[in-house]
Amino acid sequence: MEWDWSFALEIIPLLAQGVKITVYAGLLASALAMLTGLGIAILRRSAGPVMGSVVRFGVGFVRGTPLLVQLYFTFYVLPDVGIYLSPLAAGVITLGIHYSTYTSEVYRAGIDNVDRGLWEAAKALNLTRPQTWWYVILPQAVPPMLPALGNYIVAMFKETPLLSVITVIELMGEARIIANIHYRYLEPMTMVGLFFLAVSVPSVIALQYLEKRYGVAQKRHRTMAIF
Amino acid sequence: MPPSIEFLPIILAGAILTIELTLMGGILALVVAFVVGFARLANSAWLRSPARIFMEFFRGSSMLVQLFWAYFVLPLAGVSLTPLQAGVLILGLNSGAYMSEIVRGAMLALPREQFEACIALNLGRWERLRYVLLPQALRLMIPPFSNSAVELLKSTSVVSLISLSDMTFRAQTVRAQTGDASVPFTTILVVYFVLATILSSLLNSVERRLRPTKGGRT
Amino acid sequence: MTAPMVHFADVRKLYGAHPVLDGLSFSVSPGEKLALIGASGSGKTTILRILMTLEEIEGGSVAIQGSPLWNPGMAKLSTRQRETQLHEMRRNIGMVFQQFNLFPHMTVLRNVTLAPMLTQGLSQAAAKVLAMELLDMVGMAHKAHALPAELSGGQKQRVAIARALALKPKVMLFDEVTSALDPELVEEVLNVMRKLAVETDMTMLLVTHEMSFARDFADRVLFLDGGRIVEEGPPKDIFSNPQQERTKQFLHKIVAAGLSL
Ligand SMILES: Nc1ncnc2c1ncn2[C@@H]1O[C@H](COP(=O)(O)OP(=O)(O)O)[C@@H](O)[C@H]1O
Ligand SMILES: [Mg+2]
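Chains as they are written, first to last, in the numbering used here: chain A, 87 to 313; chain B, 87 to 304; chain C, 80 to 340.
Structure below.
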C-alpha cells in the first residue's frame, strides 16, 4: 500500500480533535501525578512505621502492575462499588496515580539529597520549620528534580494512547476509528507516531540541557574511548 | 459467587505467555541495549548517530503506536509478523532503547582512573573492556536493569491489544463474556505484582552474586 | 653515545589556552633516578602522564630510547593506528598512581597477574610465580587473596607497585605515591622503593614532597615552576645549596611547613 497524501490530509482535522484530548488528558494527569507524588513523599517522610509500610506497599503495588490493567480496573470494576467515572476521568486519574508512584521517588530522592547540615544550620539561625522548607530546603532540592519530573511528564504523554482502550477518543482512539472505517492503518498510525516524536524529541533535548546545567559534565579522553 | 470464578484457571494459564513474552522480549532488549549503548560510546559518529536516532525513536514514539505499526502496517510492506513476533520485536526494541541508556551511563560512571590504570598496564582496548571495565559496569547496571525488567513485564500486557492471548487478554475476554470485571482484573493485578516481585528479587540475587569475592578467580 | 632513556624536546602542553608545559626539555639516562620537585600545579604530574601516554602534547616531541612516543603528527592517525603504536611504546613504561587505582573487583594476586598474562603471554602458572615473588618483595604475599577494599592505603600502594613491576618496564613513573597515605604508612612504601633502587637498574622518575627521601633516592633533581625547569642538579646541591631564588623559597616553605628536609 502506498502512502496516500490526500487521505492523510483528509484525516488531519479528525486527528487534531484527538490531539486536543491527548493534550488535555496528558496535562491533567501530569498535574495530578506531581501533586499526588508530593503527597506520597511527604506522607512517607512523616508517617509512623505502620503507616509507612502501608504506603510503601501501596506504591510498590501500583508500580508493579500494568497501567493497562489498572485502566480496566478503574473503568470496569469501580462502578461495581458505586464509583462512576467518565472514561476521560477514569483515564486521567489512573494515569496520574500510576505516575505519582514514580514522581514520589523523585521528590524523596531530591529531599534526601539536601545536605543534612542545612537543616542544622537553619535551626542554628532559629528559622521555623516552614521557613526552613521555603527558604532553605526547597530552593536546594527542586532544581535537580526538574529534569526527572519533566521526563515523567513526557513519559505520561506517550502513555495516553492506552486511554483509547477505555473508550477515550484521544489521538490514538481517533486513529483507530479512522483505521477501522477506511481499512487503512498506514497513514493514521504513522501520523500518531510522528506526533509523539514531535513532542518528545524536543522535550528530551530540552531536558538534557537542563540536566547538563545541574549535573556534572562528563569529560572524555580520546585514548580512553571504548572502541 | 460471580460466574467468572470458573474461568480463573484459563486466566491464570495466560500467565505463561506473559512470562514467555517477558523472557523473549528481555533477551532481545539486552542484545539491543548493549549494541546500541556501546555504539553510542564509539569514537566514530557513523556509529554514534544511528544509535542515538534509534534510541530517541523508540523512546520517543509511544509503544502502543509502535506495536500497531508493526502489526498492521508492516504487512503492507510485505513483512508479515505473527502477533507473537510483533509483540516480542516491539517489546525488545522499546525496552532495549531504554536499557541502552543504562549501559552507556554505567560505562561513563566508571572512574576515569580505572581507564588510566588499564593504559598504564598496557592492556589492549578489548582487554580493558573484558577484564576491567565491563565487570565493574555490570554491577552498576543490574539495579536499573531490574527496574527495566519490571517495566517490560508490565508492558507485555499491551500485546493483548493485538489479540495475543496473554493474561490481560484473557481477563478482558472473561469480563466481556460474563459481565463480571472484579474477579478477573483483581486476580491479574495480584499475579502481575507477584511476578514483578519475583523478577526483581531474582535480579537482586544476581547483583549480590556479582559482588567481588575472595573465592573468585585469582 | 647511547640514546637517553627519556628525552623531552621543547614540549608544549596546553589545557585549553593555559600552557602547563612551555617548551620543556630534559633527558634521563638509562638507570638514572630522577626526582621532580616543585609547588603544586607546576606541571610534575603532567610530565609523568605524558610519558604514560595519558595526555597528548601540543608541540615538541617525547622519545623513549630514541623512538618517538609523542609527536604532534600523531594526531592525524586513526584511533586504531595510534593504539597499535602506543601499545608497543607502553611496554617500556610503568606507572604508580597517587590514588593506587587498583582494580576493586579483583584479588591482589589477580591485579598483579592480569597484565603479564594478557600483554606478555605468560601462562597462569608463570604469572603467579612472578606475582608472588613481587608481592613477597613488597611484603604483601600474605594478602595475595585479599580484595583491595580490605587493605590499608600503604598496603594498596605496595600492591600497585608490584603490579607495575610485573611488566618489567624500563622506566617507572611514581606520582606522589605517598601523598594519599596516613603519615604512619608512608615509611613502609618508601622502604619498598629504596629496596627497588638498590635491587634493579630501572630508570625511575619520581614526583615527591618527601625531600629527605628524594635526597637519598635520586641521582638528580629537577625543580619545576610554572611548567619550566628552574634548577637542576645532584640532590645535595639542590637541597643544600640552591642557586635560584625560587628554589630557595620553595625549599624554605617546605621546611616551614614542618616537613622533613
Ligand atoms: N585535566 C586538566 N584540565 C585542566 N587543567 C589541568 C588539568 N590537569 C592539570 N591541569 C592544570 O595543569 C597545571 C599542572 O598540573 P599538574 O601537572 O597536575 O601539577 P602538579 O602535579 O605539579 O601539581 C595546573 O595548573 C593544573 O591546574
Ligand atoms: Mg601532581
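We treat Cβ as the ideally placed atom computed from N, Cα and C, and that holds for glycine.
Take the alpha-carbon of P298(B) and the one of P183(C): they are about 8 Å apart. Looking at the DSSP output, F87(C) bridges to F105(C) and V141(C).
The way I'd put it, the segment 206-223 of chain B doesn't touch the segment 263-273 of chain B; fewer than three beta-carbon pairs between them come closer than 8 Å.
A distance below 6 Å between beta-carbons, with the five flanking residues on each side excluded, links F93(B) to the following residues of its chain, in chain order: V260. Counting the other Cβ atoms within 10 Å of the Cβ of V280(B) gives fewer than 16, which makes it exposed.
In the three-state reduction of the DSSP assignment, V141(A) falls in the helix class.
The residue from V122(B), V165(B), Y184(B) and P89(B) with its alpha-carbon nearest to that of N233(B) is Y184(B).
When C-beta distances to chain A are compared with 8 Å, the residues of the segment 249-273 of chain B below that value are T254, A257, Q258, R261, A267, S268, F271 and T272, in chain order. In the DSSP assignment, E229(C) falls outside any alpha helix (DSSP H), carrying neither H nor E. Look at which beta carbons fall closer than 6 Å to any heavy atom of ligand 1; those residues are Y94(C), V99(C), G117(C), S119(C), G120(C), S121(C), G122(C), K123(C), T124(C) and T125(C). Against S243(B), the close residues of chain A are P152, L154 and V155, in the order they occur along the chain (beta-carbon pairs closer than 7 Å).
Taking a cut-off of 8 Å for Cβ pairs, the segment 181-194 of chain A and the segment 253-260 of chain A do not touch, as fewer than three such pairs fall below it. Listed along chain B, the residues sitting closer than 7 Å to M275(A) by beta-carbon distance are V151, F154, W155, F158 and V159. Not a single C-beta of chain C is nearer than 8 Å to the C-beta of L133(B). The C-alpha of T253(A) lies about 53 Å from the C-alpha of R198(B).
Of all C-beta pairs linking the segment 128-142 of chain A to the segment 167-185 of chain A, fewer than three are shorter than 8 Å, placing the two stretches out of contact.
Non-local C-beta neighbours of V107(C) in its own chain, meaning closer than 7 Å and more than five positions away in sequence, comprise P83, M84, V85, L113, T282 and L284, ordered along the chain. In this structure, V90(C) has its beta carbon at no less than 7 Å from each heavy atom of ligand 2. In the assembly as shown, A111(A) is a buried residue. Its beta-carbon has 16 or more other beta-carbons within 10 Å. At a cut-off of 8 Å between C-beta atoms, L238(B) does not count as an interface residue with respect to chain A. The beta carbon of L153(B) is closer than 8 Å to those of A172, G173, I176, V244, V245, L247 and I248 in its chain, skipping five residues each way along the sequence. DSSP lists L113(C) as the bridge partner or partners of R299(C). One Cα belongs to D298(C), the other to E111(C), and the distance between them is close to 6 Å. Shortest Cα-Cα distance from V121(B) to any of F158(B), E187(B) and V151(B) involves E187(B). Look at Y158(A) here: in three-state DSSP terms it is helix. Per DSSP, D316(C) has no beta bridge partner at all.
Close CB contacts of F93(A) within its chain, under the 6 Å cut and outside five residues either way in sequence, are with E273 (chain order).
The beta carbon of E255(C) sits closer than 7 Å to at least one heavy atom of ligand 2.
Secondary structure at M141(B): helix, using DSSP grouped into helix, strand and coil.
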